[in-house]
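See structure below.
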Amino acid sequence: MTTDPDGETEPRRIKSVRTASDIVDVIKRLQGGTLAEISAEIDLTKGTVYTYLQTLVDSGFVTKREGEYRLSFRFIALGEHVRNETGLYVAGHDVIDDLADRTGEYVHLIAEERNRIAVLYESHGDRAVAKDYHLRMRETPQYFHDTAAGKAILAHLPSDRRDAILEAHEFEEQTKNTITDAPTLRETLAEIRERGYAINDEEEIRGMRAVGAPILDSDETVVGAVSVTAPTSRLSDDRFRSAMPKRVIEAANLIEVNLETARIDR
-19 MTTDPDGETE
-9 PRRIKSVRTA
1 SDIVDVIKRL
11 QGGTLAEISA
21 EIDLTKGTVY
31 TYLQTLVDSG
41 FVTKREGEYR
51 LSFRFIALGE
61 HVRNETGLYV
71 AGHDVIDDLA
81 DRTGEYVHLI
91 AEERNRIAVL
101 YESHGDRAVA
111 KDYHLRMRET
121 PQYFHDTAAG
131 KAILAHLPSD
141 RRDAILEAHE
151 FEEQTKNTIT
161 DAPTLRETLA
171 EIRERGYAIN
181 DEEEIRGMRA
191 VGAPILDSDE
201 TVVGAVSVTA
211 PTSRLSDDRF
221 RSAMPKRVIE
231 AANLIEVNLE
241 TARIDR
């Protein structure tokens, strides 16, 4: 056991597990690679990396074909299991599909974990655009500051948790509209709490807007968010500031009801 700076006792970390995780991350980032390519990204000898890779192959997490290592389909099964066991997904996926059908746009169900946001589920209507971008977004956890759903979640987190996230937050500038400092974001979050929804006005991608609303549990704890993304030409004026927020808030409320009734049924 070890002791953290606050004096609390913590279990020791197992370095080999972390190294295996790092190797999996490298294979993902490289979209597959040879032993030499993977070893160049890891601060270990080639022989040690080879041992890790073979262990991952034997465990079914990695495949090897013609000298190239890739992540295996086992991750798909694990991901599906995790999602299907998540109450937010069970309560929300039909609502997300319905909202996508009614708006014709991209709709996301977003969850927060480890101080980042991730796409738990998405559905796209018949007019949805930027599908390749949304696919990449689904594969990588995102920051809070430049998305409507992220800001909706961050605005409703407990203040101490929000402060800790902002202190360590990386304000990467995506467009000229991206919020790039904590004081400005804090002001925006206060406005979001007041009106009940968040917007992304070309802050993540030029030419795209989004509206997001938080999903709250029975004790007012934020558990996720719903967002709709569309081109500025279709999400403007009253549709951006009134009509779409009403639809997104309604969808978030329906998911909240589903969560509550599922809890009562247990």
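Numbered continuously in my numbering, the sequence shown closes out at residue 246.
By construction, the Cβ of each residue, glycine as well, lies at the ideal position given by its N, Cα and C atoms.
Query, Result
"For V75, name the three-state secondary structure that DSSP assigns.", "helix"
"Enumerate in chain order the residues of its own chain whose CB-to-CB distance from L15 is below 8 angstroms, with the five nearest sequence positions on each side excluded.", "K26, V29, Y30, L33, G47, Y49"
"Considering only residues of the same chain and omitting the five flanking positions on each side of A242, which have a CB-CB separation below 8 angstroms?", "G67, V70, A71"
"Please state the DSSP three-state secondary structure of E152.", "coil"
"Helix, strand or coil: which one does DSSP assign to N233?", "helix"
"Within 10 angstroms of the Cβ of T83, are there 16 or more other Cβ atoms? Answer buried if so, exposed if not.", "buried"
"Comparing C-alpha positions only, which one of G176, R219, G59 sits nearest to V99?", "G59"
"Tell me where the alpha helix (DSSP H) around T28 begins and ends.", "26 to 38"
"Looking only at its chain, what residues have a beta carbon closer than 6 angstroms to the beta carbon of H125, apart from the 5 residues adjacent to it on each side?", "F151, I159, L165"
"Distance check for V42 and E167, CA to CA, integer angstroms please.", "45 angstroms"
"State yes or no: is the C-beta of Y113 within less than 8 angstroms of the C-beta of I76?", "no"
"Can you tell which of L239, I244, P225 has the C-alpha that lies nearest to the C-alpha of L79?", "P225"
"Could you check which residue in P(-9), L36, R(-8) has the C-alpha nearest to that of D2?", "L36"
"Would you identify the three-state DSSP class for S103, choosing helix, strand or coil?", "strand"
"Is the region 214 to 221 in contact with the region 136 to 149, if contact means three or more CB pairs nearer than 8 angstroms?", "no"
"Measure the CB-CB distance between I97 and A135 and report whether it falls below 8 angstroms.", "no"
"Mind checking whether I235 and I172 have CB atoms under 8 angstroms apart?", "no"
"Give the C-beta separation of A108 and G204 to the nearest angstrom, bearing in mind that I take them to be a contact with Cβ-Cβ under 8 angstroms.", "At roughly 20 angstroms, the Cβ-Cβ gap does not stay under 8 angstroms, so A108 and G204 are not in contact."
"Below 7 angstroms CB to CB, which residues in the same chain sit around G176 once its five sequence neighbours on both sides are set aside?", "A193, I229"
"Helix, strand or coil for R219? Go by DSSP, reduced to three states.", "helix"
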